[in-house]
Amino acid sequence: MSPIVIAHVLPDLLNLYGDGGNVRILQQRLNWRGIPVKVKRIRYGDPFELDDVDLVFLGGGPDREQKLASEVLVEHKDKLERYIDSGAPLLAICGGYQILGKTWLLGDEEVPGLSILDVETKRPGTSADRLVDNVALQTKIADHPVVGYENHAGRTYIGEGLEPFGRVISKTGHGNNDTEQVLADGVMTDNVIGTYLHGVLLAKNPEVADHLLKQAMEHHAKRTGEAAVELSSLDDSYELAANEFMAKQII
Amino acid sequence: MLTWGLQHVAHRPGGNLPGKVAMKIDPQLVSELRDKIFGKSIVVVGTNGKTTVTNMLADCVVASGRSVLCNRTGANLKSGITSALLQAKPSDCGVIECDELWLHRVTPDLKPTYVLLLNLFRDQLDRCGEIDRIQESIADALKSSPDTTLVFNADDPLCAHVAELVDNRTISFGFDTQMNLAQNLVSDASICERCSHMLEYEYRQYAQLGNYHCTNCSFARPALDFIGTEVELKDDGVDISVASTLSDEWTGKISSELAGSYMAYNLLAVFSGAMMMDCTPADVQKAVSAFDPHNGRLQRLTIDNRDILLNLAKNPTGFNQNLRIVEKCETPCAVAFFINDQVVDGHDISWIWDIDFEEIASRDDVIVFAGGRRKNDLQVRLKYAGVDAKLIDQAPEVLQDQGVLAADEAFGKSIPFYAIANYSALPPVKQKLESLANKAVGNSDHTQSSNEGDAA
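Which chain is which? The protein sequence lines are E and S, in order. The working numbering numbers the first residue of the first sequence as 26 and each following residue consecutively. The working numbering numbers the first residue of the second sequence as 116 and each following residue consecutively.
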């Protein structure tokens, strides 16, 4: 079988909060199942090619790095769009999530995003505070609560008809913004997950990891014409113990 | 009278409490107490190595035959500084450790002769904000005290940028020789802070430290005033050779029994700071040779013939450097990591994914333990690195562990044990191990280290 290809987009610029760990987790969960996997790191200046990719990860970075990254992403917007339209999965966190929308925050400035999703990120209104806390979500793709950590200044609003990644069920944390009546985090379409959750996200939420991997396997079968392989189950007792510890603290 | 009262409330040295009280009562206290320092003063800031460098520098001043006023315990917020000053006798020199984000509140009153800037690594992001803010804060602090000279690590582009932001006199230190270390995956700065283009490195030591230049503008590592010309990293220590463009007499070789590549930078910083504080290279070697940390930073202990090395690590760079020490251990060993998520640590521990634990996965003779409040997260992180770690609540459990005892037997003697903890996790680990070490040895060798609890 040819390898499942995971693309880590701009890991040298969008590298905050250990989010690159998500790629390591996805890779290991395929390794453990004996499924061949290749991680393609598209660094600044590398050819930007997604046609041979089965899963894309996009993180966030410090302002200066994110500015440089956004120039690259704008230049290759058509390739990202083509990738998403093909139904292949993409996970975007924090800055990576914001930039997929129509507007996002670069430092204190609202700037145009890629407009791939009907999502807007604005400056905080009267409150200048960053939203920084542990947070737990109820999602459609995991039986366990999805736990993580948010740290962002921008307030994000998703368009009507779009679904959030999850509803906030913890005592702490806000998700997309601190103004809507029902607090929710992120956005989820058929094959795109955007979220503010660090932690790293997939470490304590193995169901989310396997949701993405399942889609990656399906895309790989479609892309290569090779037979689809089922994802076998793994022993996630360590992951779920870590999930439960945090869930107990904050829900 | 007030100062007298506070001094007598504060029976234990160095804690933050009396300082906090004092700051609330008299905001002028720092400048009043500054008068206790007759001669030069130096304030040590930076993400990693502050406490070690501060203590070594103070020892250098003592070795030169002068008295020193110093907050030796690593209680480095402004209130900690005040506590040290409250309790200290008037002294010839001041060597003060200070938190990066508190520097701007200290310099206007303290007006130190020097600020020594060691490095800026990603640390406790949710407490400090991002690196830019820390840099601006340090620059503001220096602007508020224009006669203060900045002594900075020129190998760190983030420190070099701070030097660019200020009009103060600056003195640089760095290594003109490559240490040839394996590179870690994640480094903080890759971008020129002047023009936002990528930096290129002639060589990198670790993290973002090295000899760099911008691919677009003229930003590059500044010319070095203190030059590390040679480095030898050994299992049991570090040797560096230093020269200076400022004086022919400021040259020499410094040998330390503390291991780790980051000790090379600490030693170079100590040498540079000590020369500015009018010490001699011989004073530095004397202080470094006699240096015996009792503060949980590279502290050595022995329990039942087992060598134990206790160290603080609070960010990926610190942990990666510690892993290098473990890797260099040529015998089977046990290693325990302790991670807490209290306010002083930062509630977010996602940075454990930036630690290259993969490096110890290739060793099948290393027994790994995970402790601290976030031990479950650590266990998961280690699992994905290919390491099956056992959960523990307290450090002494390692000493009773069946796997460790079996390894002792196979090895023929007690295998070494490395205990690596972040800020608030360190004091309980240190306390438990020290009490066992004292029982085992039956003397009071370690009882003078009375600074636990500062960070708890």
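Ideal Cβ positions, reconstructed from N, Cα and C, are used throughout, including at glycine.
So what does DSSP say about residue i, is it helix, strand or coil?
{"i": "Asn111 (chain S)", "result": "With chain S covering 116 to 571 only, the question about residue 111 (chain S) has no answer from this structure."}
{"i": "Leu6 (chain E)", "result": "This structure cannot speak to residue 6 (chain E), because chain E is shown only from 26 to 276."}
{"i": "Phe526 (chain S)", "result": "helix"}
{"i": "Ile140 (chain S)", "result": "For Ile140 (chain S), the predicted model reports a pLDDT of 37, less than 50, meaning its position is unreliable and no value from the coordinates is stated."}
{"i": "Phe270 (chain E)", "result": "helix"}
{"i": "Lys165 (chain S)", "result": "helix"}
{"i": "Cys274 (chain S)", "result": "helix"}
{"i": "Arg242 (chain S)", "result": "At Arg242 (chain S), the pLDDT of 43 sits below 50, so the modelled position is not reliable; the number obtained from the coordinates is stated separately. Of the three classes helix, strand and coil, the one that applies to Arg242 (chain S) here is helix, per DSSP."}
{"i": "Arg309 (chain S)", "result": "coil"}
{"i": "Leu422 (chain S)", "result": "Note that residue 422 (chain S) corresponds to Asp in the displayed sequence, not to Leu. Asp422 (chain S) falls in the strand class under three-state DSSP."}
{"i": "Gly325 (chain S)", "result": "strand"}
{"i": "Thr249 (chain E)", "result": "helix"}
{"i": "Glu264 (chain E)", "result": "helix"}
{"i": "Asn457 (chain S)", "result": "For clarity, residue 457 (chain S) is Gln in the given sequence; the question names Asn instead. Gln457 (chain S) falls in the coil class under three-state DSSP."}
{"i": "Cys332 (chain S)", "result": "coil"}
{"i": "Cys394 (chain S)", "result": "coil"}
{"i": "His462 (chain S)", "result": "coil"}
{"i": "His409 (chain S)", "result": "coil"}
Run down chain E in chain order and give the residues with a C-beta less than 8 Å from the C-beta of residue i.
{"i": "Glu308 (chain S)", "result": "Arg89"}
What does residue i reach in chain S if we use C-beta pairs closer than 9 Å?
{"i": "Lys229 (chain E)", "result": "Asn491, Asp492 and Val495"}
{"i": "Gly126 (chain E)", "result": "Within chain S, no residue comes near Gly126 (chain E); the closest Cβ sits about 22 Å away, beyond 9 Å."}
{"i": "Leu93 (chain E)", "result": "Ile306, Ser311, His312 and Met313"}
Ordered along the chain, which non-local residues of its own chain (more than five positions away) have a Cβ less than 6 Å from that of residue i?
{"i": "Cys185 (chain S)", "result": "Ala173 and Val210"}
{"i": "Arg489 (chain S)", "result": "Ile454, Asp456 and Ile464"}
{"i": "Ile342 (chain S)", "result": "Asp291 and Ala358"}
{"i": "Glu232 (chain E)", "result": "Ala167"}
{"i": "Asp141 (chain S)", "result": "Reliability of the predicted coordinates at Asp141 (chain S) is poor, the pLDDT of 47 falling under 50, and no value is obtained from them."}
{"i": "Gly132 (chain E)", "result": "Asp88"}
{"i": "Pro447 (chain S)", "result": "Asp480, Ala522, Phe526 and Ile530"}
{"i": "Lys443 (chain S)", "result": "Asp350"}
{"i": "Ser205 (chain S)", "result": "Strictly speaking, residue 205 (chain S) in this sequence is Pro, with Ser absent from that position. Closer than 6 Å at Cβ, skipping near neighbours: Lys151."}
Given that residue i touches chain S, what residues does it touch there, using C-beta distances under 8 Å?
{"i": "Val225 (chain E)", "result": "Ser465 and Trp468"}
{"i": "Ile50 (chain E)", "result": "Tyr499"}
{"i": "Tyr263 (chain E)", "result": "Asn491, Gln494, Val495 and Lys498"}
If the cut is a Cβ gap below 9 Å, which residues of chain E does residue i touch?
{"i": "His462 (chain S)", "result": "Val157, Asp158, Asn159 and Tyr174"}
{"i": "Ser597 (chain S)", "result": "Any question about residue 597 (chain S) goes unanswered here, given that chain S covers just 116 to 571."}
{"i": "Ile482 (chain S)", "result": "Those do not exist, as Ile482 (chain S) stays about 17 Å from chain E at its closest Cβ, beyond 9 Å."}
{"i": "Ile246 (chain S)", "result": "Pro87"}
Taking residue i as part of the beta strand (DSSP E), name the residues at either end of that continuous run.
{"i": "Asp354 (chain S)", "result": "Gly352 to Ser359"}
{"i": "Val230 (chain S)", "result": "Tyr229 to Leu232"}
{"i": "Phe290 (chain S)", "result": "Thr285 to Phe290"}
{"i": "Glu135 (chain E)", "result": "Glu134 to Pro137"}
{"i": "Leu383 (chain S)", "result": "Where Leu383 (chain S) is concerned, there is no enclosing beta strand (DSSP E), although the alpha helix (DSSP H) it sits in stretches over Ser376 to Met391."}
{"i": "Ala536 (chain S)", "result": "Phe532 to Ala536"}
{"i": "Val144 (chain E)", "result": "Val144 to Lys147"}
{"i": "Lys368 (chain S)", "result": "Gly367 to Ser371"}
{"i": "Leu514 (chain S)", "result": "Counting along the chain, Leu514 (chain S) falls outside any beta strand (DSSP E), though it belongs to the alpha helix (DSSP H) covering Pro511 to Gln515."}
{"i": "Ala117 (chain E)", "result": "Leu115 to Ile118"}
{"i": "Val346 (chain S)", "result": "Phe341 to Lys349"}
Return the chain-ordered list of same chain residues with a C-beta closer than 7 Å to the C-beta of residue i, the five sequence neighbours on each side being excluded.
{"i": "Asn420 (chain S)", "result": "Lys528 and Ser529"}
{"i": "Asp523 (chain S)", "result": "Ser529 and Ile530"}
{"i": "Gly544 (chain S)", "result": "Note on residue identity: the sequence assigns Val, not Gly, to residue 544 (chain S). Only Leu425, Phe453, Ala510, Ala534 and Ala536 meet the Cβ criterion."}
{"i": "Ala178 (chain E)", "result": "Leu130, Pro149 and Arg155"}
{"i": "Leu125 (chain E)", "result": "Ala117, Gly138, Leu139, Ile141, Leu142, Val144 and Gly219"}
{"i": "Asp271 (chain S)", "result": "Asn234, Leu235, Gln323 and Leu324"}
{"i": "Ala272 (chain E)", "result": "Ala161, Pro170 and Val172"}
{"i": "Ser259 (chain S)", "result": "His219, Thr222 and Pro223"}
Ends of the alpha helix (DSSP H) at residue i?
{"i": "Phe434 (chain S)", "result": "Pro431 to Lys443"}
{"i": "Ala485 (chain S)", "result": "First-last for Ala485 (chain S): Val481 to Gly486, but that is the beta strand (DSSP E), not the alpha helix (DSSP H)."}
{"i": "Arg496 (chain S)", "result": "Lys490 to Tyr499"}
{"i": "Arg248 (chain S)", "result": "Ile246 to Lys258"}
{"i": "Arg220 (chain S)", "result": "Leu218 to Leu225"}
{"i": "Ser477 (chain S)", "result": "Careful: Ser477 (chain S) lies outside any alpha helix (DSSP H) and carries neither H nor E."}
Mind listing the chain E neighbours of residue i? Cutoff is C-beta to C-beta under 7 Å, in chain order.
{"i": "Lys429 (chain S)", "result": "Within 7 Å Cβ-Cβ: nothing; Lys429 (chain S) doesn't reach chain E, min ~14 Å."}
{"i": "Ser252 (chain S)", "result": "Chain E residues near Ser252 (chain S): none, gap ~16 Å exceeds 7 Å."}
Give me the chain S residues within the contact set of residue i, using Cβ-Cβ distance strictly less than 7 Å, ordered along the chain.
{"i": "Gln53 (chain E)", "result": "Tyr499"}
{"i": "Phe270 (chain E)", "result": "Asn491"}
{"i": "Ala266 (chain E)", "result": "Asn491"}
Skipping 5 residues on each side, what residues in its chain have a beta carbon closer than 8 Å to that of residue i?
{"i": "Phe472 (chain S)", "result": "Leu438, Arg496, Leu497, Ala500 and Val502"}
{"i": "Gly85 (chain E)", "result": "Leu39, Leu41, Tyr42, Asp44, Gln91, Ile118, Cys119, Gly120, Gly121, Tyr122 and Gln123"}
{"i": "Cys310 (chain S)", "result": "Cys329, Asn331, Cys332 and Phe334"}
List, from N- to C-terminal side, the beta strand (DSSP E) runs of 3 residues or more that fit wholly inside the stretch 151 to 233 of chain E. 156 to 163, 171 to 177, 180 to 183, 191 to 193 and 217 to 220
Quiz prompt | alpha helix (DSSP H) runs wholly inside the stretch 47 to 108 of chain E, at least 4 long, in chain order | solution = 88 to 100
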